[in-house]
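Structure, as C-alpha coordinates:
Numbering (the numbering used here), first residue to last: 8 to 173.
And the structure:
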(Lines of atoms letter the chains of each structure in order from A and count residues from 1; the text may use other names and numbers.)
(Lines give C-alpha, C1' and ligand atoms only; values in the text may rest on other atoms or scores of the structure.)
Protein backbone atom coordinates (compact mmCIF):
# COMPACT_ATOMS: atom_id res chain seq x y z
CA UNK A 1 0.00 0.00 0.00
CA UNK A 2 1.40 3.41 -0.92
CA UNK A 3 1.37 6.42 1.38
CA UNK A 4 -0.72 8.37 -1.15
CA UNK A 5 -3.33 6.03 -2.63
CA UNK A 6 -4.82 7.24 -5.88
CA UNK A 7 -8.62 7.47 -6.09
CA UNK A 8 -10.24 5.15 -8.61
CA UNK A 9 -13.95 5.92 -8.30
CA UNK A 10 -16.15 6.81 -11.24
CA UNK A 11 -19.56 8.47 -11.17
CA UNK A 12 -22.02 7.17 -13.76
CA UNK A 13 -25.43 8.82 -14.35
CA UNK A 14 -28.40 6.46 -14.14
CA UNK A 15 -32.16 6.88 -14.58
CA UNK A 16 -32.44 7.12 -10.75
CA UNK A 17 -29.45 9.33 -9.99
CA UNK A 18 -25.85 8.15 -10.00
CA UNK A 19 -23.77 5.07 -9.42
CA UNK A 20 -20.46 5.55 -7.66
CA UNK A 21 -18.31 2.66 -8.93
CA UNK A 22 -14.98 1.55 -7.45
CA UNK A 23 -13.06 -1.45 -8.75
CA UNK A 24 -10.32 -3.72 -7.48
CA UNK A 25 -8.74 -6.75 -9.16
CA UNK A 26 -7.45 -9.80 -7.30
CA UNK A 27 -5.37 -12.73 -8.47
CA UNK A 28 -7.57 -15.36 -6.84
CA UNK A 29 -10.43 -17.75 -7.35
CA UNK A 30 -13.85 -16.10 -7.42
CA UNK A 31 -15.03 -18.26 -4.49
CA UNK A 32 -12.16 -16.98 -2.35
CA UNK A 33 -12.94 -13.33 -3.12
CA UNK A 34 -16.63 -14.05 -2.46
CA UNK A 35 -15.71 -15.48 0.94
CA UNK A 36 -13.74 -12.30 1.72
CA UNK A 37 -16.89 -10.20 1.28
CA UNK A 38 -19.49 -12.54 2.79
CA UNK A 39 -18.00 -14.62 5.63
CA UNK A 40 -18.18 -12.80 8.99
CA UNK A 41 -14.71 -13.83 10.16
CA UNK A 42 -13.25 -12.49 6.91
CA UNK A 43 -15.31 -9.30 6.69
CA UNK A 44 -14.14 -8.56 10.25
CA UNK A 45 -10.60 -8.12 8.88
CA UNK A 46 -11.48 -5.20 6.63
CA UNK A 47 -14.97 -3.85 7.37
CA UNK A 48 -16.62 -5.46 10.35
CA UNK A 49 -17.97 -8.73 11.62
CA UNK A 50 -21.63 -9.44 11.17
CA UNK A 51 -24.17 -11.66 12.84
CA UNK A 52 -27.65 -12.83 12.05
CA UNK A 53 -29.47 -15.07 9.64
CA UNK A 54 -28.27 -13.79 6.27
CA UNK A 55 -30.35 -14.19 3.15
CA UNK A 56 -32.37 -12.15 0.67
CA UNK A 57 -34.93 -10.01 2.47
CA UNK A 58 -33.29 -10.56 5.86
CA UNK A 59 -31.33 -8.15 8.02
CA UNK A 60 -27.97 -8.74 9.66
CA UNK A 61 -26.13 -6.64 12.21
CA UNK A 62 -22.66 -5.38 11.30
CA UNK A 63 -20.20 -4.04 13.82
CA UNK A 64 -18.10 -1.40 12.06
CA UNK A 65 -14.66 -2.42 13.29
CA UNK A 66 -12.75 0.55 11.88
CA UNK A 67 -15.11 3.43 12.74
CA UNK A 68 -14.85 5.46 15.92
CA UNK A 69 -16.73 3.67 18.69
CA UNK A 70 -17.19 0.53 16.53
CA UNK A 71 -20.90 1.24 15.97
CA UNK A 72 -23.37 -1.43 15.00
CA UNK A 73 -25.67 -1.04 12.02
CA UNK A 74 -28.46 -3.03 10.45
CA UNK A 75 -27.86 -4.17 6.88
CA UNK A 76 -30.62 -5.66 4.75
CA UNK A 77 -29.59 -8.28 2.20
CA UNK A 78 -31.49 -7.33 -0.95
CA UNK A 79 -30.00 -10.04 -3.20
CA UNK A 80 -27.40 -12.76 -2.83
CA UNK A 81 -26.26 -14.62 -5.93
CA UNK A 82 -23.06 -16.50 -4.98
CA UNK A 83 -20.36 -15.99 -6.05
CA UNK A 84 -21.16 -13.03 -8.30
CA UNK A 85 -23.55 -10.51 -6.71
CA UNK A 86 -24.37 -9.26 -3.26
CA UNK A 87 -26.81 -6.34 -2.97
CA UNK A 88 -27.40 -4.73 0.42
CA UNK A 89 -29.07 -1.64 1.87
CA UNK A 90 -28.02 0.27 4.95
CA UNK A 91 -29.63 3.28 6.58
CA UNK A 92 -27.89 5.71 8.89
CA UNK A 93 -28.46 9.31 9.95
CA UNK A 94 -26.96 10.54 6.66
CA UNK A 95 -29.43 8.57 4.52
CA UNK A 96 -29.93 5.31 2.63
CA UNK A 97 -26.96 3.35 1.32
CA UNK A 98 -28.08 0.84 -1.37
CA UNK A 99 -25.09 -0.89 -2.93
CA UNK A 100 -23.87 -3.95 -4.73
CA UNK A 101 -20.67 -5.97 -4.82
CA UNK A 102 -20.25 -7.53 -8.26
CA UNK A 103 -17.57 -10.13 -8.96
CA UNK A 104 -16.44 -11.10 -12.45
CA UNK A 105 -13.89 -13.73 -13.46
CA UNK A 106 -11.58 -12.24 -16.07
CA UNK A 107 -10.37 -15.55 -17.54
CA UNK A 108 -6.74 -14.84 -16.68
CA UNK A 109 -6.78 -16.03 -13.07
CA UNK A 110 -8.05 -12.69 -11.77
CA UNK A 111 -11.35 -11.54 -10.34
CA UNK A 112 -12.68 -8.02 -10.68
CA UNK A 113 -14.67 -6.72 -7.73
CA UNK A 114 -16.90 -3.72 -8.38
CA UNK A 115 -18.51 -1.85 -5.53
CA UNK A 116 -21.50 0.07 -6.87
CA UNK A 117 -23.04 2.59 -4.48
CA UNK A 118 -26.41 3.72 -5.87
CA UNK A 119 -26.94 7.42 -5.12
CA UNK A 120 -30.00 9.62 -5.73
CA UNK A 121 -27.65 12.59 -6.18
CA UNK A 122 -23.98 13.52 -5.93
CA UNK A 123 -24.28 15.02 -2.45
CA UNK A 124 -21.66 13.84 0.00
CA UNK A 125 -19.32 12.28 -2.56
CA UNK A 126 -16.36 14.14 -1.06
CA UNK A 127 -16.54 11.95 2.04
CA UNK A 128 -18.30 8.84 0.69
CA UNK A 129 -15.79 8.17 -2.11
CA UNK A 130 -12.66 8.32 0.06
CA UNK A 131 -14.39 6.09 2.59
CA UNK A 132 -15.05 3.36 0.02
CA UNK A 133 -11.52 3.67 -1.38
CA UNK A 134 -10.23 3.12 2.16
CA UNK A 135 -12.44 0.10 2.82
CA UNK A 136 -11.57 -1.54 -0.49
CA UNK A 137 -7.88 -1.03 0.22
CA UNK A 138 -8.52 -2.52 3.68
CA UNK A 139 -9.99 -5.54 1.85
CA UNK A 140 -6.87 -5.75 -0.33
CA UNK A 141 -4.58 -5.50 2.71
CA UNK A 142 -6.54 -8.25 4.49
CA UNK A 143 -6.30 -10.52 1.45
CA UNK A 144 -2.57 -9.87 0.97
CA UNK A 145 -1.69 -9.94 4.69
CA UNK A 146 -0.14 -6.49 4.44
CA UNK A 147 -0.46 -3.63 6.95
CA UNK A 148 -3.79 -1.81 6.75
CA UNK A 149 -3.82 1.68 5.26
CA UNK A 150 -4.37 4.78 7.39
CA UNK A 151 -7.64 6.59 6.79
CA UNK A 152 -5.79 9.92 6.86
CA UNK A 153 -4.27 9.01 3.49
CA UNK A 154 -7.79 9.02 1.98
CA UNK A 155 -9.65 11.81 3.68
CA UNK A 156 -9.41 14.72 3.16
CA UNK A 157 -6.74 14.00 0.49
CA UNK A 158 -9.26 12.51 -1.98
CA UNK A 159 -12.18 14.80 -1.16
CA UNK A 160 -11.56 17.15 -4.11
CA UNK A 161 -11.28 14.28 -6.60
CA UNK A 162 -14.69 12.92 -5.65
CA UNK A 163 -16.36 16.33 -5.46
CA UNK A 164 -15.11 17.04 -8.99
CA UNK A 165 -16.85 13.89 -10.30
CA UNK A 166 -20.19 15.63 -9.91
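Every residue, glycine too, gets a C-beta built ideally from N, C-alpha and C.
Of the listed residues 76, 39, 49 and 69, nearest to residue 95 (C-alpha basis): Reading the chain shown from its first residue, position 88 is the one you call residue 95. Out of 76, 39, 49 and 69, 69 has the C-alpha closest to the C-alpha of residue 95.
Proximity winner among 23, 18, 22 and 31, relative to residue 12 (alpha-carbon distances): Residue mapping note: residue 12 aligns to position 5 of the chain shown, counting from 1. Ranking the options by Cα distance to residue 12, first place goes to 31.
Rounded C-alpha distance that separates residue 136 from residue 47: In the chain shown, counting from the first residue as 1, residue 136 sits at position 129. In the chain shown, counting from the first residue as 1, residue 47 sits at position 40. Cα to Cα, residue 136 sits roughly 24 Å from residue 47.
Can you say whether residue 169 is buried or exposed, counting buried as having 16 or more other CB atoms within 10 angstroms of its CB? Your numbering for residue 169 matches position 162 in the chain shown. Buried, since its Cβ has 16 or more Cβ neighbours within 10 Å.
Rounded straight-line distance, which links the Cα of residue 107 to that of residue 63: Against the chain shown, residue 63 aligns to sequence position 56. Against the chain shown, residue 107 aligns to sequence position 100. Approximately 13 Å, taken between the alpha carbons.
Using the rule of at least 16 other Cβ atoms within 10 Å of the residue's Cβ for burial, across every protein chain shown, is residue 79 buried or exposed? Along the chain shown, read from residue 1 onward, the residue named residue 79 stands at position 72. Exposed.
Can you list, in chain order, the residues of its chain with a C-beta nearer than 7 Å to that of residue 9? Leave out the 5 residues immediately preceding and following it. Here residue 9 corresponds to residue number 2 of the chain shown, with the count starting at 1. Any reading at residue 9 needs caution, since the residue's pLDDT is 46, under 50, leaving its predicted position unreliable; the model's value is listed next. No residues qualify anywhere along the chain.
Residue ranges of each beta strand (DSSP E) within the segment 112 to 169, 3 or longer: 117 to 126
Extent of the continuous alpha helix (DSSP H) run through residue 38: Within the chain shown, residue 38 is the residue found at index 31, counting from 1. Where residue 38 is concerned, the enclosing alpha helix (DSSP H) stretches over 37 to 45.
Could you tell me whether the segment 109 to 121 touches the segment 150 to 163, where touching means 3 or more Cβ pairs closer than 8 Å? no
Would you say the beta carbon of residue 46 is closer than 8 Å to some non-hydrogen atom of the ligand MG? Looking for the ligand MG in the displayed structure turns up nothing, as the structure carries no ligands at all.
Extent of the continuous beta strand (DSSP E) to which residue 78 belongs: The residue you call residue 78 lines up with position 71 of the chain shown. From DSSP, residue 78 is part of no beta strand (DSSP E); its letter is neither H nor E.
State the Cα-Cα distance for the pair residue 55 and residue 17, rounded to the nearest angstrom. For the purposes of this step, residue 55 is taken as residue 48 along the chain shown, with counting starting at 1. For the purposes of this step, residue 17 is taken as residue 10 along the chain shown, with counting starting at 1. When rounded, the distance between both Cα atoms is 25 Å.
Looking only at its own chain, which residues have a Cβ that is under 8 Å from the Cβ of residue 72, when we skip the five neighbours before and after it? Translated into the one-based positions of the chain shown, residue 72 becomes position 65. 51, 54, 55 and 56.
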